Structures are given as structure tokens and as C-alpha cells.
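S.K.:
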Amino acid sequence: MKYYSTKNPAVKVSEEIAVLKGLPEDNGLFVPEEIPLLDDNFFKNIEKWSFQEISFEVAKKFFDSIDEKELKNIIYDAINFDAPVVNIDNNIFTLELFHGPTLAFKDFGARFMSRVMSYFINKYNKKLVILVATSGDTGSAVANGFYGIDNIDVVILYPSKKISNIQEKQIATLDKNIIALEIDGTFDDCQYLVKTAFLDSHLNTKIMLSSANSINVARLIPQSFYYFYAYSQLQNKDNVYISVPSGNFGNLTAGLFAKRMGLPVKKFVASTNANSVFTEYLNTGEYRPRPSIKTISNAMDVGNPSNFERIKWLYKDNINAVREDIVSYSFSDDETKIAIKEVFGKSGYILDPHGAVGYLGLINFFEEVVQDNKTGIFLETAHPAKFLDIVEPVINSKVDVPKRLGKFLNKEKRALKLSNKFDDLKNYLLNVYG
Numbered sequence: 084m085k086y087y088s089t090k091n092p093a094v095k096v097s098e099e100i101a102v103l104k105g106l107p108e109d110n111g112l113f114v115p116e117e118i119p120l121l122d123d124n125f126f127k128n129i130e131k132w133s134f135q136e137i138s139f140e141v142a143k144k145f146f147d148s149i150d151e152k153e154l155k156n157i158i159y160d161a162i163n164f165d166a167p168v169v170n171i172d173n174n175i176f177t178l179e180l181f182h183g184p185t186l187a188f189k190d191f192g193a194r195f196m197s198r199v200m201s202y203f204i205n206k207y208n209k210k211l212v213i214l215v216a217t218s219g220d221t222g223s224a225v226a227n228g229f230y231g232i233d234n235i236d237v238v239i240l241y242p243s244k245k246i247s248n249i250q251e252k253q254i255a256t257l258d259k260n261i262i263a264l265e266i267d268g269t270f271d272d273c274q275y276l277v278k279t280a281f282l283d284s285h286l287n288t289k290i291m292l293s294s295a296n297s298i299n300v301a302r303l304i305p306q307s308f309y310y311f312y313a314y315s316q317l318q319n320k321d322n323v324y325i326s327v328p329s330g331n332f333g334n335l336t337a338g339l340f341a342k343r344m345g346l347p348v349k350k351f352v353a354s355t356n357a358n359s360v361f362t363e364y365l366n367t368g369e370y371r372p373r374p375s376i377k378t379i380s381n382a383m384d385v386g387n388p389s390n391f392e393r394i395k396w397l398y399k400d401n402i403n404a405v406r407e408d409i410v411s412y413s414f415s416d417d418e419t420k421i422a423i424k425e426v427f428g429k430s431g432y433i434l435d436p437h438g439a440v441g442y443l444g445l446i447n448f449f450e451e452v453v454q455d456n457k458t459g460i461f462l463e464t465a466h467p468a469k470f471l472d473i474v475e476p477v478i479n480s481k482v483d484v485p486k487r488l489g490k491f492l493n494k495e496k497r498a499l500k501l502s503n504k505f506d507d508l509k510n511y512l513l514n515v516y517g
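One gets our numbering by counting positions in the sequence shown from 1 and adding 83 to each.
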């Protein structure tokens with residue numbers, strides 16, 4: 084499979100370059116030259132296949148330069164945990180994406196990407212430096228997914244005092260090849276610093292840089308795997324709607340890829356918090372990015388979603404075509420807390436703030452859908468234990484903390500504080516790697 088920039092379809096690159104480079108020089112995003120359709124047999128037999136088997140069938144369409152035996156090994160090593168669909172109430176289900184090592188959906192993409200990058204980088208006698216901007220769960224997933232991987236260092240930029248304590252502990256307490264930079268600013272500042280670094284020609288002549296955000300296709304594509312797996316678990320596969328809590332829109336874009344590959348989803352709901360740039364875009368036709376606002380669903384605190392570029396590409400910048408496949412709603416922190424409380428009261432199920440936003444989007448949309456025979460899935464993207472200070476007071480009950488999460492809490496923070504000025508980041512990288 085070849086890839087090209089959303090800003091220049093004429094220049095195609097290999098899978099290896101798209102993965103290792105991460106971001107094109109023209110500041111676009113890499114996209115596949117085609118989104119292949121899966122055949123009818125795939126969907127006819129999907130219930131018989133394991134999560135890993137489904138993932139392999141999808142992955143080999145996009146990474147056909149990797150030997151199939153090697154790709155299968157990557158899949159089985161990276162995705163060695165479940166993503167169950169759990170019934171919440173009648174025709175409403177949640178897809179639990181928090182059963183990986185850092186209890187967040189980004190474990191899927193981070194673990195897959197680390198192994199694909201390792202496969203490609205082994206032919207070079209050079210260190211790869213990955214820059215990552217995080218608003219919460221990306222950093223911890225990438226840090227743990229790449230921890231101890233040879234010839235790859237990961238530099239994670241996170242906004243000071245704007246992520247949860249547990250998220251920071253998962254990012255800023257690791258050693259070996261993981262470096263945490265605590266940035267005096269917002270997530271948008273962190274994302275700007277990373278993008279600017281990729282576009283700095285001097286820096287790129289000195290250091291081999293890449294990205295592990297969802298701007299990298301090797302992080303994005305594995306996020307499509309669990310949409311197919313979720314579908315395989317449903318008893319009623321008619322009129323399926325999926326609500327995606329959305330921040331940087333990588334998760335939703337992966338779902339749109341799955342739909343283009345043939346996954347029979349009627350419509351996606353893009354559920355946002357107060358950072359409602361995309362919701363307003365669908366409602367007004369105007370895209371107006373702005374500085375992000377801090378909310379309790381912090382991983383979604385993005386004022387200029389990177390993957391909006393890919394959504395425009397998918398729909399040829401035709402907003403009416405976008406509206407055919409996506410609806411969007413935004414919700415306040417108060418509404419999010421009410422949803423957490425109501426779902427716990429009705430079913431005993433504990434939502435995290437991001438899943439609660441996804442739940443609200445699905446419920447709001449279902450009020451507008453006329454047919455009775457419908458199935459709704461919302462994505463539960465992180466374990467509620469990562470947000471104890473928010474969730475426990477709302478439900479007035481204790482949340483069990485999984486052992487693999489609790490082990491981070493007593494570790495010492497190792498982050499280096501840095502300003503939000505690009506020159507400071509550039510000088511740091513040159514001093515360490517240049």
C-alpha cells in the first residue's frame with residue numbers, strides 16, 4: 084500500500100516512510116492511496132473469528148509490505164487483551180476499550196505502532212526519536228507501548244496541571260527510553276510544538292523524528308480493528324449506530340475507515356465536550372478552531388483536532404457528505420456528571436467522563452431516530468479508576484483500582500519542565516540527540 088499527503092496526492096510514499104516519518108513535510112497528514120473493501124465472506128464469517136484474526140485481516144490490507152507471518156506476530160503480540168461489548172440497557176451497549184496495560188483505548192494503537200516501527204527501524208543503524216503530544220491517555224499508552232523497545236526513544240509532551248494525577252504518573256515515572264516533558268501550556272501548545280518540530284528542516288537533518296499521535300497512520304489504522312470486533316459480538320446487527328467520544332478525532336476517523344471498508348454502520352455520533360469545534364462545524368458549515376477549554380473529560384480537550392484534515396479528505400471537503408455519515412453533539416461537565424450518576428443508579432455500571440460523553444451522544448441521537456429496530460454502541464475509552472476524583476463523588480461509591488494501574492501511584496515523577504516556546508524544545512532535542 085502506498086500513502087500520500089492530504090495536501091499533495093501526486094507524491095506517494097511507502098508504508099515504511101509513512102510510519103517512520105509520521106507527518107509529511109507539507110504539514111498535511113498521510114492517508115492510504117485507497118481504502119480497500121473487505122469481501123462478503125469476511126462479514127459472513129466474522130462471528131467465528133477471534134479479535135486477533137479480525138485484526139490481521141484488516142491490517143494486511145494496509146501493511147502489505149510486511150511479511151504476513153511477521154504481521155501476524157505483531158498483531159498477536161500487540162493485541163493480547165479483549166475489547167468486550169457490554170449491554171447497558173435494552174438496545175444500548177458499550178464497547179470497553181480499557182482492558183489493555185494502561186486502561187485506555189490508545190493501548191491498541193500504541194502497542195501495534197511500536198512493533199511496526201521496530202520492524203521498519205531495525206534495518207537502520209540509527210535511533211528513532213518519537214515526539215508525542217498528549218492530553219491524557221495517549222502519553223501513557225505510548226510510553227508503555229514503547230517502553231524498552233530497542234533503537235527508539237519516546238519524548239512525551241503533556242500540559243502541566245491539565246491531566247489527571249494517575250495519567251501523569253503513567254507518563255512521568257518511567258525510565259529507560261521514555262522522556263516526559265511537562266509543558267507550561269495547553270494540549271494545543273504541545274501539539275503545535277510537535278508539529279513545528281517535524282517541519283523544522285535543521286532539526287530533521289540532525290535527528291530522525293517520528294510521531295506516535297493519531298496523526299501517524301500506524302496509530303490510526305489499528306483503532307479500526309475494534310469496530311469490526313464490536314460488530315462481530317452483536318446479536319442484532321441491523322441498524323447499528325456508534326457514538327464516539329471525540330477530541331483529536333483519530334478514533335472517529337478510524338471508525339470512518341472501517342465503514343468505508345464495508346462495516347455496516349448506519350451513522351456515527353461525534354460526541355464532544357465543551358471543545359465543540361467539530362459540532363459547530365456540522366451545525367454551521369464553518370470550521371473555527373480555537374484554544375482548548377479544560378474539562379473533566381480531559382483527553383478530549385482539543386481546540387483544533389488534527390484528524391479533521393483526514394475527515395475532509397475522506398469526504399472531499401463536502402460537508403453535506405459528512406453529514407450523511409456523522410451527527411454531533413456537545414455536552415457540559417454538569418451534563419457529563421449527571422450521565423455518570425444516572426447510569427450508575429440504573430444499572431450499576433460505572434462510566435468514565437469520556438464514556439459518559441459518548442453515552443450522552445448516543446441517547447440524544449436515539450431520540451431523533453424513528454425506527455424501533457436499532458442497536459447503539461458507545462465507546463468507553465478509559466477505565467473510571469483513572470478519574471477517581473471525578474467519578475467517586477458523583478456516584479458516592481468507591482471505584483476499584485486495577486492492580487496494573489495502582490502500581491504507578493507510588494512511583495517518583497521524573498518529568499522535565501519546559502516552556503511552550505519552540506526554541507526551548509528544539510534546543511533540548513539537539514542537546515540530547517543532535
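C-beta: ideal position from N, C-alpha, C; glycine also. It should be emphasised that the depicted structure is a prediction, and the values quoted were computed from it without experimental measurement.
(1) So residue 411 is in the beta strand (DSSP E); what residue range does that whole segment cover?
(2) Could you round the C-beta distance between residue 433 and residue 427 to whole angstroms and report it? I think they count as a contact, below 8 Å.
(3) Among 123, 513 and 493, which residue has its Cα nearest to the Cα of residue 257?
(4) Look at residue 26 and residue 304 and say whether their C-beta atoms are less than 8 Å apart.
(5) Within this structure, are the beta carbons of residue 139 and residue 154 separated by less than 8 Å?
(6) What do you reckon, are the CB atoms on residue 360 and residue 370 nearer than 8 Å?
(7) CB-CB under 8 Å to residue 374, same chain, minus the five flanking residues each way: which ones, in chain order?
(8) Using CA coordinates, which residue listed in 515, 508, 513 and 517 is at the minimum distance from residue 265?
(9) Does the beta-carbon distance from residue 334 to residue 449 come in below 8 Å?
(10) With C-beta atoms as the reference, is residue 224 less than 8 Å away from residue 237?
(11) Put residue 436 into one of helix, strand or coil per three-state DSSP.
(12) How many Å lie between residue 376 and residue 249 at the Cα?
(13) How would you call residue 98, buried or exposed, if buried means at least 16 neighbouring beta carbons within 10 angstroms?
(14) Let me know the secondary structure DSSP gives residue 426 once reduced to three states.
(15) Under the three-state reduction of DSSP, which class applies to residue 467: helix, strand or coil?
(16) For the segment 227-235 and the segment 274-291, state whether three or more C-beta atom pairs, one from each stretch, are separated by less than 8 Å.
(17) Taking contact to mean at least 3 C-beta pairs separated by less than 8 Å, is the segment 204-212 in contact with the segment 277-294?
(18) What does the alpha-carbon distance come out to for the pair residue 176 and residue 461?
(19) Please classify residue 328: does DSSP put it in a helix, a strand, or coil?
(20) In the DSSP assignment, find the beta strand (DSSP E) that holds residue 376 and state where it starts and stops.
(21) Is residue 380 closer than 8 Å to residue 436 when the C-beta atoms are compared?
(22) In its own chain, which residues sit with a C-beta less than 6 Å from the C-beta of residue 167, not counting the 5 before and 5 after it?
(23) If contact is defined by three or more beta carbon pairs under 8 Å, each pair taking one atom from either stretch, is the segment 470-478 in contact with the segment 182-198?
(24) When DSSP builds the beta bridges, which residues end up paired with residue 236?
(25) Measure the alpha-carbon distance for residue 199 versus residue 311 and round it to whole angstroms.
(26) Counting only the same chain and skipping the five closest in sequence on each side, list residues whose C-beta sits under 6 Å from that of residue 161.
(27) Go to residue 362, then tell me how far its alpha helix (DSSP H) extends in each direction, as first and last residue.
(28) Roughly how many angstroms lie between the CA atoms of residue 500 and residue 280, to the nearest whole one?
(29) How big is the Cα-Cα spacing for residue 391 and residue 452?
(30) Figure out for me which residue from 296, 407, 146 and 130 has the closest Cα to the Cα of residue 106.
(31) Starting from residue 156, trace the alpha helix (DSSP H) in both directions and tell me its first and last residue.
(32) Since residue 354 contacts residue 444 with CB under 8 Å, what's their CB separation in whole angstroms?
(33) Drop a sphere of 10 angstroms on the beta-carbon of residue 255, count the other beta-carbons inside from all chains shown, and report buried for 16 or more, exposed for fewer.
(34) Can you tell which of 111, 101, 496 and 102 has its C-alpha closest to the C-alpha of residue 282?
(35) Compute the Euclidean distance between the alpha carbons of residue 517 and residue 156, then round it to the nearest angstrom.
(36) Go ahead and pull the three-state DSSP assignment for residue 200.
M.R.: Looking at the coordinates:
(1) 409-413
(2) 6 Å
(3) 493
(4) Residue 26 cannot be examined here, being either before or after the span of the chain that is shown, 84 to 517.
(5) The Cβ atoms of residue 139 and residue 154 sit closer than 8 Å to each other.
(6) Result yes, Cβ atoms of residue 360 and residue 370 sit closer than 8 Å.
(7) 269, 271 and 386
(8) 508
(9) no
(10) no
(11) helix
(12) 20 Å
(13) buried
(14) helix
(15) helix
(16) no
(17) yes
(18) Rounded to the nearest angstrom, the two C-alpha atoms are 6 Å apart.
(19) strand
(20) Run containing residue 376: none; DSSP gives neither H nor E here.
(21) yes
(22) 179
(23) no
(24) Residue 236 pairs with 212.
(25) The straight-line gap separating the alpha-carbon atoms of residue 199 and residue 311 is approximately 21 Å.
(26) 194, 195 and 198
(27) 360-367
(28) 18 Å
(29) Rounded to whole angstroms, residue 391 to residue 452 spans 26 Å at the Cα level.
(30) 296
(31) 151-161
(32) 3 Å
(33) buried
(34) 111
(35) 34 Å
(36) Collapsing the DSSP output to three states places residue 200 in a helix.
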